[in-house]
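Chemist:
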Amino acid sequence: MSFGTKVTLNTGAQIPTLGYGTWQASPGEVGIGVYEALKVGYRHLNNSYGNQVEVGDGLHKALAEVPGLKREDIFIVSTPRYPNALMLNAGSINPLVDFQAMEYLYLVHWPVAFKKVDDVQMFPMAAEDSNEVVIDDSVSLVETWTAMTNLPKSKVRAIGVSNFSPAYLQTIIDATGVTPAVVQVERHPLLQQDDALIKYARDKGIHITGYSAFGNNAWGEPLLIENDTIKGIAGRIGATPAQVILAWSQVGGHSVIPKSVNPARIRANFQEVRLSDEDISAINALGGSPRRYNVATCYKPKWDINIWNEPKEQGAKHRVIQVK
14 MSFGTKVTLN TGAQIPTLGY GTWQASPGEV GIGVYEALKV GYRHLNNSYG
64 NQVEVGDGLH KALAEVPGLK REDIFIVSTP RYPNALMLNA GSINPLVDFQ
114 AMEYLYLVHW PVAFKKVDDV QMFPMAAEDS NEVVIDDSVS LVETWTAMTN
164 LPKSKVRAIG VSNFSPAYLQ TIIDATGVTP AVVQVERHPL LQQDDALIKY
214 ARDKGIHITG YSAFGNNAWG EPLLIENDTI KGIAGRIGAT PAQVILAWSQ
264 VGGHSVIPKS VNPARIRANF QEVRLSDEDI SAINALGGSP RRYNVATCYK
314 PKWDINIWNE PKEQGAKHRV IQVK
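For the sequence shown, our numbering puts the final residue at 337, and the numbers step up evenly by one.
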């Protein structure tokens, strides 16, 4: 079973360090995954725009069928569909917030604003036959974060960000005086975030949640559960490679939100293991050449914006608008 570890955010709320993620899960599978996760014992649920209805279905089913499960037991994290200050208001908060008495964290998912076209398209496209998303350069990070700070506390108990660098974080803190409770970022043994971000977040009292803990095979590269070092540790301690990575991900008090819609893997990921200092050091050694998989210019459709200053972003037309 899970160790049930929780950490306290700068708001005073407690967040379980082992959560369940739903981002990029396929339609028709999300609700089943959420139900299975809650049935197993996950109490930190991360949902994303586009799947709130299915997440809600799984949540309703679990609340009705899982003995002893109460709404206030579940820490729900969500994001606005359009991270745009002009559309962030009480009416824009996704339907999951209608579940009362929950610890609730609302994140700006990206340091990018989009123009809303309609309620059907996930992202506004440059043209009907285009493969490029329209980015709204008229809205800054400061404007969006200011709008987040003004959301009603009756619906949003804590606010945070996702995919923000220390520079972006400092900009919104300087402008508003409000420090995010959480920064959610890609984090795994090949992108450990232990250079600038972890130290910065620790100094500011910002909690780090990692996503894509196993890497990302969208580029045709093996997932980190296939890494020889990870597999060697797993074999020696009688664990799965995924369990090893999830244990490493929580070292230092960080949280992690693995995604799976396979009931057996959902259960296995909840069976936590402990790593020795030697195991942790061996995994840390894998991060010598950082590898970021989640680069927006490589998305389909393409986001033509430089967020991380990665080599693949150098020719992008847009930059992050921090302040105007």
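All C-beta atoms, glycine included, are put in the ideal place defined by N, C-alpha and C.
Helix, strand or coil for Gln327, going by three-state DSSP, please let me know.
Modeler: coil
Chemist: Which class does Ala103 belong to by DSSP, given the choice of helix, strand or coil?
Modeler: Confidence at Ala103 is low in this model, with a pLDDT of 49, below 50, so the placement of that residue is unreliable and no value is reported for it.
Chemist: Determine the DSSP secondary structure at Arg215, reduced to helix, strand or coil.
Modeler: Judged by DSSP in its simplified three-state form, Arg215 adopts helix.
Chemist: What would DSSP say about Val68, mapped onto helix, strand or coil?
Modeler: helix
Chemist: Closest to His122 by CA distance: which of Ser178, Glu85, Val68 and Ala77 is it?
Modeler: Ser178
Chemist: Under 7 Å Cβ to Cβ from Leu76, same chain only, skipping five residues before and after it: list those, please.
Modeler: Leu82 and Arg84
Chemist: What first and last residue would you give for the alpha helix (DSSP H) that runs through Glu156?
Modeler: Leu154 to Thr162
Chemist: For Gln206, does the count of other Cβ atoms within 10 angstroms reach 16, so buried, or fall short, so exposed?
Modeler: buried
Chemist: Rounded to whole angstroms, what is the Cα-Cα separation between Thr162 and Ile172?
Modeler: 7 Å
Chemist: Glu326: buried (16+ other C-beta within 10 angstroms of its C-beta) or exposed?
Modeler: buried
Chemist: Excluding the 5 residues flanking Arg200 on each side, which residues of the same chain have their C-beta closer than 6 Å to its C-beta?
Modeler: Gln206 and Gly223
Chemist: Helix or strand or just coil, what does DSSP make of Tyr312?
Modeler: coil
Chemist: Is it a yes or a no for the region 134–153 touching the region 314–326, going by three-plus beta-carbon pairs under 8 Å?
Modeler: yes
Chemist: How many whole angstroms separate the CB atoms of Ala194 and Leu288, which I take to be in contact at a CB cut-off of 8 Å?
Modeler: With a Cβ gap of about 27 Å, Ala194 and Leu288 do not count as contacting.
Chemist: Just curious, the alpha helix (DSSP H) that Lys129 is in, first and last residue?
Modeler: Careful: Lys129 lies outside any alpha helix (DSSP H) and carries neither H nor E.
Chemist: Is there contact between the region 274–281 and the region 234–244, where contact requires at least three CB pairs shorter than 8 Å?
Modeler: no
Chemist: DSSP three-state call for Arg84: helix, strand or coil?
Modeler: helix
Chemist: Would Pro29 and Thr18 qualify as a contact pair, given that the criterion is a beta-carbon distance under 8 Å?
Modeler: yes
Chemist: In the DSSP assignment, the alpha helix (DSSP H) including Leu118 goes from what residue to what residue?
Modeler: Premise fails: Leu118 lies in the beta strand (DSSP E), Tyr117 to Val121, not in any alpha helix (DSSP H).
Chemist: May I ask you to report which of helix, strand or coil DSSP gives Val333?
Modeler: Correct three-state label for Val333: coil.
Chemist: Return helix, strand or coil for Ile279, following the three-state DSSP convention.
Modeler: Residue state, collapsed to three classes: helix.
Chemist: Asn60 and Ile87 - do their beta-carbons sit closer together than 8 Å?
Modeler: no
Chemist: For Gln27, which three-state DSSP category applies?
Modeler: strand
Chemist: Any idea which residues DSSP pairs Ser175 with across the strands?
Modeler: Bridge partners of Ser175: Gln197.
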